[in-house]
RNA sequence: GCGCCCGUAGCUCAGAAGGAUAGAGCGCAGGAUUCCUAAUCCUGAGGCCAUGGGUUCGAAUCCCGUCGGGCGCACCA
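Numbering (my numbering), first residue to last: 5 to 588.
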């Protein structure tokens, strides 16, 4: 149950009726732009609507006059206790207790489902994230887009979309060939050869030593003196699989599961790339030409040469983009086009890519590409996560795949746990940079808001435990009556009212793809609860458990049960486990 | 040179599809514990929302310019 959507629908109905009676002349699509929100100040009421102000322009009337027209109709709604006009034309609504009682009862009944809705209407949607190159372990830089993508997928799931979480394996380019050659060096090393320095241009990372050992286990020394063409493809496949297995293990540890993996190499081999390019060609969107070098940047070895080019600028990109390299092979872009077209052909008209900020320059061309391939039927939305500045004791941590020195995602998870790591990554909106001091996160100091929220949840369970001791025969909280409900204090009703905003928060977060909204909501919700808790320290009658007042205690347990459900469901969306006790 | 993102309290950041007196944490100054976990709470100080215009009943929010910061800029992924 969602107070705000109930009122929204009823007010829509009122507007339509007034429209029918010619009291309003605005087109009905103007009506949908009105909002029913929580008032800025709780003192103003439970709900507020800007309907009068939104209609003002199309009606050509002063908002106050329109508010006067709407007010009596709103007052007639059965659950409205009181409604008033305020400010420039807000209509503030105070609802009857019976509605809040219904709200509480519905939360207790819904349990895990509280916060869910069906705005997605079962629409198929594909969320692609992580998609790290299988040339090494996941590192700290992958952490944020991975969590953001995962939580966006969770949000969409919660709001009724048919979601597929997907990982694109970049196993088709020259990078994996380099990788195979690097693995060969480690293979020789594992067989006891002195390899000296890792040759320039190969991956120097120590993590490849395990791959070398694995290769020896599988192949013995049979390739030690074999020419490259004999082992290259074999080693390439082995190494990619080996590293993907490690990546999958890390993802699981990070709480990212149920992903579908799609291989770039497979798309090339099964002809998907040729098919996609052919589709573009048939639409007349491909030509042979020479691209100009971009101004203002120094590019060594610029080769002015005719190549195959896609007219992406006709679909919103800044310039046209090449599809083939000078050696005739497909560019990454060409293959990625095919991949997104492949998703479309698998039924995903709605697609989301979650990328790091270093891929920001790539967005326009791939969005343009899908639009062109599907005549606008397939829509790709790209969410960019800004960089995380990793610090250690205030000092920037230098990371470079080339040098082989970086903090791996595993390192972070092992040090602070996946729950803290995930939560911290979500404490900023995607567009904002995060400074993350590795040593501070390791300390698990109180500056980390995850503990604040966890503590609130743990306190709920503490109350449940205490209640059991004081009232061993306390009945289940699922059947709260209106009588019991009336025992709640105004502050407690206030908390319930805030709990009632959860579904709206989830819906907004999902539609806007902004996971951080859930974090801030949970934080504020926790703050309200901690504050309430402390009031029991000053006034014993405000404590949740009153040994001499069983009915009041029961009502409060019901409230706390609803709170605990909300906290838990919220944390679940974030992929963070709700703790029942802080002591472990 | 071009594209994308950002600029809100001393610091780190929220700000709800344009709405009421711009919020939180940290830090700072004070205070609360015979009591369900003080990992908490309460009070106070602190802002020309970078800047100049525009749109409107109304702008931190939308549009344009300027300044400052980040990321990216064939044939890497």
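In this text, a Cβ means the ideal position worked out from N, Cα and C, and glycines have one as well. Remember, it's a predicted structure, so these values are computed and weren't measured experimentally.
For residue i, which residues in the same chain have their Cβ closer than 6 Å to its Cβ, ignoring the five residues on either side in sequence?
{"i": "residue 576", "result": "none"}
{"i": "residue 251", "result": "142"}
{"i": "residue 557", "result": "549 and 550"}
{"i": "residue 385", "result": "356"}
{"i": "residue 272", "result": "176"}
{"i": "residue 248", "result": "138"}
{"i": "residue 574", "result": "522 and 526"}
{"i": "residue 580", "result": "423, 426 and 427"}
{"i": "residue 375", "result": "319"}
{"i": "residue 406", "result": "For residue 406, the pLDDT reaches just 45, beneath the cut-off of 50, and the residue's location in the model is therefore unreliable, although a value from the coordinates is still provided. Excluding residues within five positions, none has a Cβ falling inside 6 Å."}
Are the beta-carbon atoms of residue i and residue j separated by less than 7 Å?
{"i": "residue 421", "j": "residue 388", "result": "no"}
{"i": "residue 343", "j": "residue 171", "result": "no"}
{"i": "residue 413", "j": "residue 147", "result": "yes"}
{"i": "residue 191", "j": "residue 224", "result": "no"}
{"i": "residue 92", "j": "residue 71", "result": "no"}
{"i": "residue 395", "j": "residue 373", "result": "no"}
{"i": "residue 565", "j": "residue 493", "result": "no"}
{"i": "residue 155", "j": "residue 161", "result": "no"}
{"i": "residue 571", "j": "residue 465", "result": "no"}
{"i": "residue 103", "j": "residue 504", "result": "no"}
{"i": "residue 206", "j": "residue 185", "result": "yes"}
{"i": "residue 131", "j": "residue 153", "result": "yes"}
{"i": "residue 52", "j": "residue 96", "result": "yes"}
{"i": "residue 592", "j": "residue 265", "result": "Because the chain here runs from 5 to 588, residue 592 falls outside it and cannot be looked at."}
{"i": "residue 417", "j": "residue 257", "result": "yes"}
{"i": "residue 195", "j": "residue 220", "result": "yes"}
{"i": "residue 21", "j": "residue 35", "result": "no"}
{"i": "residue 50", "j": "residue 99", "result": "yes"}
{"i": "residue 73", "j": "residue 30", "result": "no"}
{"i": "residue 263", "j": "residue 459", "result": "no"}
{"i": "residue 227", "j": "residue 235", "result": "yes"}
Along the beta strand (DSSP E) that carries residue i, what are the first and last residues, could you check?
{"i": "residue 171", "result": "166–173"}
{"i": "residue 396", "result": "392–396"}
{"i": "residue 264", "result": "263–267"}
{"i": "residue 291", "result": "290–293"}
{"i": "residue 305", "result": "Per DSSP, residue 305 belongs to no beta strand (DSSP E) and is neither H nor E."}
{"i": "residue 354", "result": "354–360"}
{"i": "residue 387", "result": "383–389"}
Residues in the same chain with beta-carbon distance under 8 Å from residue i, minus the five sequence neighbours each way, listed in chain order, please.
{"i": "residue 527", "result": "453, 456 and 457"}
{"i": "residue 540", "result": "546, 547 and 548"}
{"i": "residue 498", "result": "46 and 532"}
{"i": "residue 292", "result": "310, 311, 312 and 313"}
{"i": "residue 204", "result": "none"}
{"i": "residue 518", "result": "433, 434 and 512"}
{"i": "residue 584", "result": "461, 462 and 465"}
{"i": "residue 77", "result": "18, 21 and 22"}
{"i": "residue 283", "result": "345 and 377"}
Considering only residues of the same chain and omitting the five flanking positions on each side of residue i, which have a CB-CB separation below 7 Å?
{"i": "residue 269", "result": "175 and 176"}
{"i": "residue 470", "result": "549"}
{"i": "residue 105", "result": "486 and 489"}
{"i": "residue 297", "result": "303 and 306"}
{"i": "residue 158", "result": "577 and 579"}
What residue range does the alpha helix (DSSP H) around residue i cover?
{"i": "residue 369", "result": "367–378"}
{"i": "residue 510", "result": "506–516"}
{"i": "residue 589", "result": "Look at the range of the chain in this structure, 5 to 588, and you will see that residue 589 is not part of it."}
{"i": "residue 277", "result": "276–286"}
{"i": "residue 7", "result": "7–24"}
{"i": "residue 568", "result": "554–578"}
{"i": "residue 334", "result": "Taken as a continuous stretch (DSSP letters only), residue 334 belongs to no alpha helix (DSSP H), as it is neither H nor E."}
{"i": "residue 521", "result": "520–542"}
{"i": "residue 3", "result": "Since the displayed the chain opens at 5 and closes at 588, residue 3 lies outside it and no answer follows."}
At a cut-off of 6 Å, would you count residue i as near the ligand GTP, judging by its Cβ distance to the nearest heavy atom?
{"i": "residue 99", "result": "Although the ligand GTP was asked about, the structure shown includes no ligands whatsoever."}
At 4 residues or longer, what runs of the alpha helix (DSSP H) sit wholly inside the region 406–481? 413–420, 422–429, 442–447 and 453–474
Note down, one range per segment and in chain order, each beta strand (DSSP E) of at least 3 residues found wholly within the region 46–70. 51–53
Unbroken stretches of the beta strand (DSSP E), 3 residues or longer, contained in the region 71–103: 84–90 and 94–99
For the region 78–89 against the region 118–133, are there 3 or more C-beta pairs whose distance is under 8 Å? no
Cβ pair count under 8 Å reaching 3, the region 374–384 against the region 315–335: Touching, yes.
Start-end ranges of the beta strand (DSSP E) lying completely within the region 123–189, minimum 3 residues: DSSP runs (the beta strand (DSSP E)) wholly in the region 123–189: 128–132 and 166–173.
4 or more residues per run - each alpha helix (DSSP H) lying fully within the region 205–232: For the region 205–232, whole alpha helix (DSSP H) runs of length 4 or above, ordered along the chain, are 212–223.
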